[in-house]
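Top to bottom, those sequences are chains A and B.
Just so we're aligned, residue 37 is where the first sequence starts under our numbering, counting upward by one.
Just so we're aligned, residue 37 is where the second sequence starts under our numbering, counting upward by one.
We treat Cβ as the ideally placed atom computed from N, Cα and C, and that holds for glycine.
There are 2 protein chains.
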Amino acid sequence: MSGSTSLAEQLKMAGFRMTRQRAAVLRAMADSPTPLSALQLWNQAKRNCPCLGLATVYRTLDVLNMVGGVERCHAASGRSFVSCPPGDHHHVVCVVCGRVAEFSRCNVASLIPEVSRETGFHVESHLLELAGICPTCLAEEKAE
Amino acid sequence: MSGSTSLAEQLKMAGFRMTRQRAAVLRAMADSPTPLSALQLWNQAKRNCPCLGLATVYRTLDVLNMVGGVERCHAASGRSFVSCPPGDHHHVVCVVCGRVAEFSRCNVASLIPEVSRETGFHVESHLLELAGICPTCLAEEKAE
DNA sequence: GACATAAATGAGAAGTCTTCTCACTTACTC
DNA sequence: GAGTAAGTGAGAAGACTTCTCATTTATGTC
Ligand SMILES: [Mn+2]
Ligand SMILES: [Mn+2]
Ligand SMILES: [Zn+2]
Ligand SMILES: [Zn+2]
């Protein structure tokens, strides 16, 4: 819940209006323990705002993205949005069920000087995503 | 050129037929200094095989992917295929022009035990992609 | 070289995700 | 309670990828 409040405040502070639709999307995000795709978010949010349009979900995600409250997660197949705590972190995605966990430890930065030297690129950012099997799916695999 | 030959041999050895279309795609790959998207590849390959269909480019990339001669590159916006030398490596993508360079130094593996402990995930693979500005675009920026 | 056969192809339909358009609605300021 | 600019829904459109199926073609065999 505090997550939702915080995102709402971020929007207000950045001069965006709080609408029924945006509130529904924020609430759907806050209520989900696991990050949701735009489509999943739409299905959840419609329960609080039945005539919500999918385009509005995308627009809300864009706005949250601008404000820094949400981040794209390049999952294996297709893209999805993920509500993120502030700060630098990355994702581990379950290849079985799609659940996502976050981690903040990252050693990629130390690689960059060398890559810059090798390739001549001026490196500005990095995308790191791990894939594997989540605890829940691991347990189910063992149960069989 | 040796790159093209090698991919052709890989296909042969895996029991795939060498067609005019596949040869054209392989040649387009070999001739490009920079990795190409399916669409770019199509436009190049059509010069040697005018009636080539885009679907065939995708099919060829799939086949090469199975054989291990090509790898998906999750570039910032949309997907593209990249012909890859064998072995473990990652990409740096230019945010201005889309050019891609490769690097093989990677320290992500050393991160994995800790992430596994923190998240409970059994980590199986990682995706690492750097973004920045390529030497060519850097030069153009300075020229202005 | 001709034949048989399974693999491969082209053209376009279809699918998926995302963005755009535009007439209409609504949150916020005064 | 206006006035106004921001926001919205519905559906069209766009980008990329996969699928379908009738037709072509590479390759092993004679
Ligand atoms: Mn990092
Ligand atoms: Mn690596
Ligand atoms: Zn799982
Ligand atoms: Zn560039």
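beta-carbon residue i near ligand 4 non-hydrogen atom, thresh 7 Å
i: B/Thr-172; result: yes
i: B/Arg-135; result: yes
i: A/Val-159; result: no
i: B/Cys-87; result: no
i: B/Val-118; result: no
i: A/Cys-130; result: no
i: B/Ile-169; result: yes
Distance, residue j Cα to residue i Cα
i: B/Leu-97; j: B/Gly-51; result: 16 Å
i: A/Asn-101; j: A/Leu-75; result: 17 Å
i: B/Arg-56; j: B/Ser-73; result: 20 Å
i: A/Gly-39; j: A/Thr-70; result: Bear in mind that a pLDDT of 46 at A/Gly-39, under 50, signals an unreliable position, so the number given afterwards is only what the model happens to contain. Distance between the alpha carbons of A/Gly-39 and A/Thr-70: 13 Å.
i: B/Arg-141; j: A/Ser-152; result: 12 Å
i: B/Trp-78; j: A/Gln-80; result: 40 Å
i: B/Pro-149; j: B/Phe-139; result: 23 Å
i: B/Ala-44; j: B/Ala-91; result: 19 Å
i: B/Glu-165; j: B/His-125; result: 10 Å
i: A/Met-37; j: A/Asp-67; result: Because A/Met-37 carries a pLDDT of 44, less than 50, the predicted location of this residue cannot be relied on, and the following value inherits that uncertainty. Computed Cα separation, rounded: 7 Å.
i: B/Ala-145; j: A/Pro-171; result: 20 Å
i: B/Leu-174; j: A/Asn-84; result: 49 Å
i: A/Met-49; j: B/Ser-42; result: 58 Å
i: B/Leu-163; j: A/Tyr-94; result: 25 Å
i: B/Arg-53; j: B/Glu-176; result: 44 Å
i: A/Ala-64; j: A/Pro-86; result: 13 Å
i: A/Cys-133; j: B/Leu-147; result: 23 Å
i: B/Glu-180; j: B/Gly-168; result: 19 Å
i: B/Lys-82; j: B/Arg-135; result: 21 Å
i: A/His-158; j: B/Val-118; result: 21 Å
i: A/Cys-143; j: B/Asn-143; result: The amino acid at residue 143 of chain A is misidentified as Cys; the sequence shows Asn. Using only the alpha carbons, I get a separation of about 7 Å.
i: A/Val-103; j: B/Ala-137; result: 31 Å
Residue i: CB within 7 Å of a non-hydrogen atom of ligand 2
i: B/Cys-142; result: yes
i: B/His-126; result: yes
Cβ-heavy atom distance, residue i to ligand 1, below 7 Å
i: A/Leu-164; result: yes
Whole-number beta carbon distance between residue j and residue i, since they are thought to touch under 8 Å
i: B/Val-131; j: A/Glu-160; result: 7 Å
i: B/Gln-46; j: B/Gly-123; result: Their Cβ separation, rounded to whole angstroms, is 14 Å, which puts B/Gln-46 and B/Gly-123 out of contact at 8 Å.
i: A/Thr-155; j: B/Val-99; result: Not quite, the Cβ-Cβ distance comes to about 29 Å (not below 8 Å), so this is no contact.
i: A/Leu-88; j: A/Ala-60; result: 6 Å
Residue i CB to nearest heavy atom of ligand 3 below 7 Å
i: B/Val-151; result: no
Task: Members of the segment 155-179 of chain A near chain B, C-beta cut-off 8 Å - done: Thr-155, Gly-156, Phe-157, His-158, Val-159, Glu-160, Ser-161, His-162, Leu-163, Leu-164, Glu-165, Leu-166, Ala-167, Gly-168, Ile-169, Cys-170, Pro-171 and Leu-174
Task: Residues in the segment 48-65 of chain B having any Cβ partner in chain A nearer than 8 Å - done: none
- [ ] Using a Cβ-Cβ cut-off of less than 7 Å, give me the residues of the segment 70-100 of chain A that come near chain B, in sequence order.
- [x] none
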